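Our numbering puts the first residue of the sequence shown at 5, with every later residue one more than the last.
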Amino acid sequence: MLVLGLMSGTSADGIDVALARISGAPPILNNKLLGHTSVKFPPAVRKEILRVAEQHPINAGALSQLNFRLGELFAAAALAACREFRVPISEIALIGSHGQTIFHQGSPVAYLGSPTASSLQIGEPSVIAARTGIVTVGDFRPADIALGGEGAPLVPYVDYLLYRHPKLGRVSLNLGGIANITVLPRAARPKQVFAFDTGPANMLIDALISHFTHGRQRFDENARLACQGRSLPALLDDLLRDPYLKLAPPKSTGREYYGNAYLKKLLALGRRYRAKPNDLIRAATIFTALSVVDALNRFVLPKTKIHQLIVSGGGAHNPLILAQLSAALPGIEVLPSGRLGIPEDAKEAFAFALLAYETFHQRPANLPSATGARGPAILGKISYAPPR
């Protein structure tokens, strides 16, 4: 099968598209990445996504409209990618669309008299199927949550297929808006794999960049601004007391925790320590790296020997984060995922192509050891294309 994977992360930078050729069935799932690209959201759409994801009020009608508008944009991204890859759309057998997360509460909280967990990804898959003429799998997370899981992270299943090694213990680290890890002990069996969100990745850095440049810049290219900042150890110590870091896995987080309210807390800390803008950007960058190191030291390394840390996502291009990881993890090789065949920016879209393939074949693709679910779940909902 030729399968397109579509992904938009918590930073809502745009839609990543990956084209994969997939055949076989686990444990021998043959997969090859044939191409990847990215399509930016229109500025007004991105602004509304972030506004809603920050839990600002939206009425049911506007949420419904946004869901369908995003479906159109995801479909357009798929069609544009096929033109770029020079692959006729008729040759694509399946699309897997993660959609855009606007709310994620993986652990149950009190709601209308009953503990409730939920997750909401929008970008209507029926619209994608109708515009492309291709069967589309979307809404991957609820099936896991329905079985008591966090609904995240889901990529560990793919990490297991891609990176398990007979002799090397590995950790796959994705640095998107949020940082998450998949732990793959040497010669791991599926039940030995575990995964969780370690804390923020690009989300806090990007928020500070946008705040200090009044929206003129969206990220700190090559950590240029962070490298101009001073180190403030007391401020960093304050950040590393974040209670989320101490929570035992399975756990997941998102913009609900590390969004605008956290940014205000960070700015207040900056004022307390008399930090200049670049000092605060540096602190957030180093905090990102050290929160990953904290998670490894606290929950992984005491029980699992790790030889390699495989880094993907936008944060894999941040030299200060990579340098901090290397310095703080002696004896562990830190390498970008591109060295193992999947470019850093393609990994998650590629993952949802593989997850959609498994759904289409009615096979479970969560790892209960990673999400905390009571058992395996067939993920996602299938939207069929109109009859030809």
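For each residue, glycine too, the CB sits at the ideal point set by N, CA and C.
No experiment lies behind these values; they were computed from the predicted model shown.
{"Asked": "First through last residue of the beta strand (DSSP E) which encompasses M207", "Found": "Element bounds for M207: not the beta strand (DSSP E) but the alpha helix (DSSP H), 206-216."}
{"Asked": "Strand pairing of V338, partner residues [DSSP]", "Found": "L313"}
{"Asked": "Environment of Q69 [buried if 16+ CB atoms lie within 10 Å]", "Found": "exposed"}
{"Asked": "Range of the contiguous beta strand (DSSP E) that encloses V43", "Found": "32-44"}
{"Asked": "4-residue-minimum alpha helix (DSSP H) runs that sit fully inside the stretch 71-158, ordered along the chain", "Found": "129-136, 146-150"}
{"Asked": "Candidates L208, L267, G345, L284: closest to G233 by CA position", "Found": "L284"}
{"Asked": "Burial state of V113 (16 or more Cβ within 10 Å)", "Found": "exposed"}
{"Asked": "D283 - DSSP class collapsed to helix/strand/coil", "Found": "helix"}
{"Asked": "Spatial neighbours of G376 in its chain, beta-carbon cut-off 6 Å, leaving aside the 5 residues before and after", "Found": "G153, E154, P254"}
{"Asked": "Residues of its chain near G200, where Cβ-Cβ distance is below 6 Å and the 5 sequence neighbours each way are ignored", "Found": "Reading off the sequence shown, one finds Phe at residue 200, where the question assumed Gly. Result list for F200: P253, P254, K255, in chain order."}
{"Asked": "Alpha-carbon spacing of A84 relative to I314, whole angstroms", "Found": "30 Å"}
{"Asked": "Helix, strand or coil at A66 according to DSSP, with G and I counted as helix", "Found": "helix"}
{"Asked": "Option nearest R222 by Cα separation, candidates L212, A230, C231", "Found": "L212"}
{"Asked": "Delimiting residues of the alpha helix (DSSP H) encompassing D241", "Found": "237-243"}
{"Asked": "For G181, three-class secondary structure by DSSP", "Found": "coil"}
{"Asked": "G203 and A183 closer than 7 Å at C-beta", "Found": "yes"}
{"Asked": "CB contact below 7 Å: I185 versus chain C", "Found": "Reference to chain C is not applicable here, since this structure consists of a single protein chain."}
{"Asked": "Under the three-state DSSP convention, the category S256 falls into", "Found": "coil"}
{"Asked": "Candidates H169, T292, G384: closest to F356 by CA position", "Found": "G384"}
{"Asked": "Where K195 sits in the DSSP three-state scheme", "Found": "helix"}
{"Asked": "Contacts around Q196, its chain only, beta-carbon distance under 6 Å, and the 5 residues preceding and following it disregarded", "Found": "P189"}
{"Asked": "Own chain residues within Cβ distance below 7 Å of D210, not counting five before or after", "Found": "S15, R222, F223"}
{"Asked": "Opening and closing residue of the alpha helix (DSSP H) in which A230 lies", "Found": "228-232"}
{"Asked": "Supposed contact pair L10 and A81 - C-beta distance, whole angstroms, cut 8 Å", "Found": "6 Å"}
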